[in-house]
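Note that the sequence shown covers residues 1 to 938 in full-length UniProt numbering. Encoded as structure tokens, the structure appears first; notes follow it.
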Amino acid sequence: MAETAVSLVIENLIPLLVQEARLLKGVHDKVAGIKDELQIIQSFLKDADARVEQENMSNVEKTWVKQIREEAYHIEDTLDEYILHLAKGPLGPRQHFHFVQKFFQFTKKLRARHVIASKIQDININLQKKREMAVKYRFNTIEQGRLSNNARSVTWYDPRVTSLFIEEAEVVGIESHRDKLINWLVEEPSNCTMISVVGIGGVGKTTLVKKVYDDKKVVAHFNCHAWITVSQSYKKEDLFKDMIKQFYEARKEFAPREIDKMEEINLIKVLRQYLHEQRYLIVADDLWDTDFLECLKVVLPNNDKGSGIVITTRNEDVAPSHNESSSCYVHKQLPLPSEKALELFYKKVFQHEENNCPHELVELSSKIVERCEGLPLAIVVIGGLLSSKDKVFSEWRKLHDGLSLELDTNSRLRSIPKILSLSYHDLPYYLKACFLYLGMFPEDYAINCARLVRLWIAEGFVREKKGITLEELAQAYLNQLIHRSLVQVVEFDEVGKGRFCRVHDMLREVILSRSEELNFCLVSIQNYSSFDKIARRLSVMNDVNTPSQSISNSQTRSILIFGLDKVPDSFFTTCFANFKLMKTMDFEGAPIDYIPKEVGNLLHLRYLSLRDTKVKMLPKSIGKLHNLETLDLKRSLVSELPAEISRLHKLRYLAAYIKDNDVEFNLYLPQAVKIPSGIGRLQSLQKLSKIEANNNALITELGSLGQLRKLEIAELKRENGTALCTVLQTMSHLQSLRIRATSEEEVLELQSMSSPPPLLQSLTLSGQLEKFPNWILKLHSIVRINLNWSKLMEDPLKVLQALPNLMRLWLLNGYEGEQLHIEGGGFQKLKFLGLQNLGGLNRLIIDEGALPLLEQLVIGYCPQLEEVPSGVHHLKSLKILEFQEMPTEFILSLQPDEGPDFGKVKHIPSVTFWYRIHGEYYKSYELGDSELLKRLQR
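Below, the structure is given as structure tokens:
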């Protein structure tokens, strides 16, 4: 992690040397010298970091690494303080000064430059000493003999070995998964079957595969078999020798003695020759990359005998997918459901009590199991510890309340963080900081993926690469963490993209422990009375009771606030007064109603979120934040942006609207914000939402925003439609577009666009359409379309169903005709279809062969629709069917037993009925719910 800190500083220094040469006048060469020294030191750190992770490092090296990390932070602080000092322009409202004031300003800057030059000289001397120390103590990779690839010098008990010998009676919750894998292996007639079992460390991958490997049906099906454990460091020759011996032994034969002296090429020849006529099974346990798997594909002959290869891995990217070959299968091993987790816990803890838990420990047992979140490794290890303790409530409660500390200090529990930490150690340096940042969020918190990506960018964890935006690269980083089983996606949107994610609680414990050790962030829990540590990142959770004088640490760069009932004024104002080097301020959901004008002093600020706050206006000083990249005002009370907003030339994300869930959704919600002229100067903008665009001058300015990926505008008048179409045709990067008219009667005049944005994936039109826009049919990349208050007279589905990639379609007051018809072969990729407030609709026809992938169908307030859509029984992929505010007779016709249309929907897993309570708050009922029937009989 020291390498991460140094790498981030180097990456910050390079653009600084190029872009801020004017501000670094006089110290430029010295700063360049720092960069050169750090790049030399970085080569030592790569191996040093690895040995820290492997607990294979001397105390001298540990101290050296810590000092380098602190020096890197010191460099960052020194330069940022200097730039902050010099970037502050002359005082006074109009910046007109007489000679004395100008001279005073000049001498002050000269003095600051002298101070910084002295500090940088000291830093250079310190770095040279650190480099000399590294050479003196031989920290470099070559002279250490590549210790980072050797076995660990600190021995520890690895419970994964035990998983190879677990008795059948001790295994819980894998029966159906085991049977599925067995069928995949033995049913393939001739092709070689490849099965990948993927999941987080400790989830039971090895246990599952071992039960498959030992199954009688599998043993009988294959002529020979071998099991090898690959792990992070391996020698191919040793693995090949082991395979040969196991294959021979399985056939009760003796392996050639000379294999122990063979090199890789000859070993491959022996394997290929021996297996050429065999139906073999090979299990490669604990793969970390694709290198060895690719090697196996060469070594093992595809002899059309129906052989099998099974791998276990934490990284989904290692696993060949079914798309690559019909003989490739991927099984994602998930944590145990709560009832199975409790069953496993009881088996481990109360094995001598016939799995019976004493009444006084039932609730506490459930709480301990909840902390394990279905992870068999944690359940078994913690259960094993408790099985040796007295079954006393106070002892168990002590373990539950102090579990975080026990995981760090109790030798019998150390295997849990050890095994989970292997995934962290395997990360490249640019992902380690991203992963540790997840510890800034509370336990069990669903993290908005888009928010996380923007925070990473603001922190400097993501650096631009040619041909890809920062946001795209950060999303790729998140996808890597997801594929490595380090992050779980907890909510997907309708097209399969992750919206919210989280980390497993046990992994979060690893993150917090590592973060504290590395001084990465400080997580403040309820009533944390004193921040006595240097915190570069501060996360405040629950109630804060912190004296303002105790948070005066100027090194703090980020602050996130969660779950506070009140933010004390002293705490709030101190944030702006003391944290001069602040880069990230995330006050989402915080109980605040203003932002002080001192925010303009935070010249390094890159990220400011006031989402879901009561803030009503922004101070004019916001215009001083020339480094601001993200300004999030969603669901705040800000209705108008100040003119100074046009000075924020680095702004990439600007989102603002007012939403009130107590008001029923209508065309005017969410309420857009007024924006001043000059928006065209913000040419770095990637997202602009949701602004009033009610004049041609403002619309013309939008044409200057050539980097826009997402645009949401409201209050569009008919006479401005042509101007908007002209502008949109120039937006070659636009991916998402939302347009809203001034009223339900206002016509959206959008026919004149001949060449729509070629990359457009999401389109929402809210307003009357006299005619269906023909350019929509040119949107071959489109995946989402919402037509609201369009009031079309012709069936729009006739043309929309031909769009090749459309996955979500929503019509709200979008059609005034009586019949909608989806023809066979239509909507081949659609997963979500919503039809709401179609007052004239009395018939919906779905032909066989239409909507083959539809998963969710929503029908809301269509009072003339008398029966369930004709052909709904054809929808084999349908999982969710929802009805909102439908007539009583319609709903009664669907009820079990007596409902004449029940047979049409009984194959659908979830059928629900929704009724509005008030505003956008609803109550739902399941099909056959007695409470629903009571409601209908009122």
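Think of the CB as a built atom: it goes at the ideal place given N, C-alpha and C, for glycine as much as any other residue. A quick note: this is a predicted structure, and the numbers were derived from the prediction, not measured.
Distance, residue j Cα to residue i Cα
{"i": "W789", "j": "R606", "result": "38 Å"}
{"i": "L853", "j": "E882", "result": "17 Å"}
{"i": "E170", "j": "V369", "result": "17 Å"}
{"i": "P189", "j": "F222", "result": "12 Å"}
{"i": "D660", "j": "Y861", "result": "22 Å"}
{"i": "Y528", "j": "E373", "result": "Any reading at Y528 needs caution, since the residue's pLDDT is 39, under 50, leaving its predicted position unreliable; the model's value is listed next. About 27 Å."}
{"i": "Q761", "j": "G814", "result": "20 Å"}
{"i": "Q121", "j": "I75", "result": "11 Å"}
{"i": "residue 1007", "j": "F562", "result": "Only positions 1 to 938 of the chain appear in the structure, and residue 1007 is not among them; the question remains open."}
{"i": "residue 960", "j": "K432", "result": "Residue 960 cannot be examined here, being either before or after the span of the chain that is shown, 1 to 938."}
{"i": "N126", "j": "Q39", "result": "14 Å"}
{"i": "V330", "j": "V203", "result": "15 Å"}
{"i": "K687", "j": "Y653", "result": "5 Å"}
{"i": "E885", "j": "S387", "result": "54 Å"}
{"i": "residue 951", "j": "R412", "result": "Look at the range of the chain in this structure, 1 to 938, and you will see that residue 951 is not part of it."}
{"i": "R397", "j": "N355", "result": "20 Å"}
{"i": "L835", "j": "V858", "result": "6 Å"}
{"i": "E629", "j": "N183", "result": "53 Å"}
6 Å CB neighbourhood of residue i in its chain, flanking five on each side removed
{"i": "S689", "result": "A655, E712"}
{"i": "P869", "result": "L844, I846"}
{"i": "G600", "result": "S621, K624"}
{"i": "E588", "result": "S609, R611, D612"}
{"i": "L239", "result": "I228"}
{"i": "V172", "result": "K340, E343, L344"}
{"i": "A255", "result": "I244, K245, Y248"}
{"i": "D242", "result": "I228"}
{"i": "V747", "result": "R718, Q768, E770"}
Status (buried if at least 16 other CB within 10 Å, exposed otherwise) for residue i
{"i": "P376", "result": "buried"}
{"i": "T206", "result": "buried"}
{"i": "R146", "result": "Note that R146 has pLDDT 35, beneath the 50 cutoff, so the model's placement of it is unreliable and no number is given."}
{"i": "F441", "result": "buried"}
{"i": "F393", "result": "exposed"}
{"i": "Q801", "result": "buried"}
{"i": "E258", "result": "exposed"}
{"i": "R251", "result": "exposed"}
{"i": "L737", "result": "buried"}
{"i": "P337", "result": "exposed"}
{"i": "N315", "result": "buried"}
{"i": "M753", "result": "buried"}
{"i": "S325", "result": "exposed"}
{"i": "H359", "result": "exposed"}
{"i": "G467", "result": "exposed"}
{"i": "M793", "result": "exposed"}
{"i": "V135", "result": "exposed"}
{"i": "D260", "result": "exposed"}
CB-CB length for residue i against residue j, believed under 8 Å
{"i": "Q864", "j": "G839", "result": "7 Å"}
{"i": "E866", "j": "F890", "result": "7 Å"}
{"i": "L407", "j": "I416", "result": "6 Å"}
{"i": "E719", "j": "A693", "result": "Actually they are not in contact, since the Cβ atoms of E719 and A693 sit about 12 Å apart, beyond 8 Å."}
{"i": "K332", "j": "G199", "result": "6 Å"}
{"i": "K913", "j": "L932", "result": "A small correction: the amino acid at residue 913 is Phe; Lys does not occupy that position in the sequence shown. With 8 Å as the limit, F913 and L932 qualify as a contact, their Cβ atoms being about 6 Å apart."}
7 Å CB neighbourhood of residue i in its chain, flanking five on each side removed
{"i": "P591", "result": "L564, D565, K566, V567"}
{"i": "K211", "result": "V171, I174, R178"}
{"i": "I142", "result": "Low confidence applies here, because I142 scores a pLDDT of 34, under 50, leaving its location unreliable and the question unanswered by this model."}
{"i": "L750", "result": "G721, C725, P773"}
Unbroken beta strand (DSSP E) run spanning residue i, endpoints
{"i": "S910", "result": "910-918"}
{"i": "N786", "result": "784-788"}
{"i": "G860", "result": "856-860"}
{"i": "W227", "result": "224-229"}
{"i": "Y607", "result": "607-609"}
Residue i - containing alpha helix (DSSP H), residue span
{"i": "Y424", "result": "415-425"}
{"i": "R451", "result": "449-459"}
{"i": "residue 947", "result": "Outside the shown range of the chain (1 to 938) lies residue 947, about which nothing can therefore be said."}
{"i": "M506", "result": "505-518"}
Closer than 9 Å to chain D by CB, residue i
{"i": "S609", "result": "Looking for chain D here will not work: only one protein chain is present."}
Check: residue i C-beta below 8 Å from any heavy atom of the ligand HEM
{"i": "S539", "result": "Ligands displayed in this structure: none; no statement on the ligand HEM is therefore possible."}
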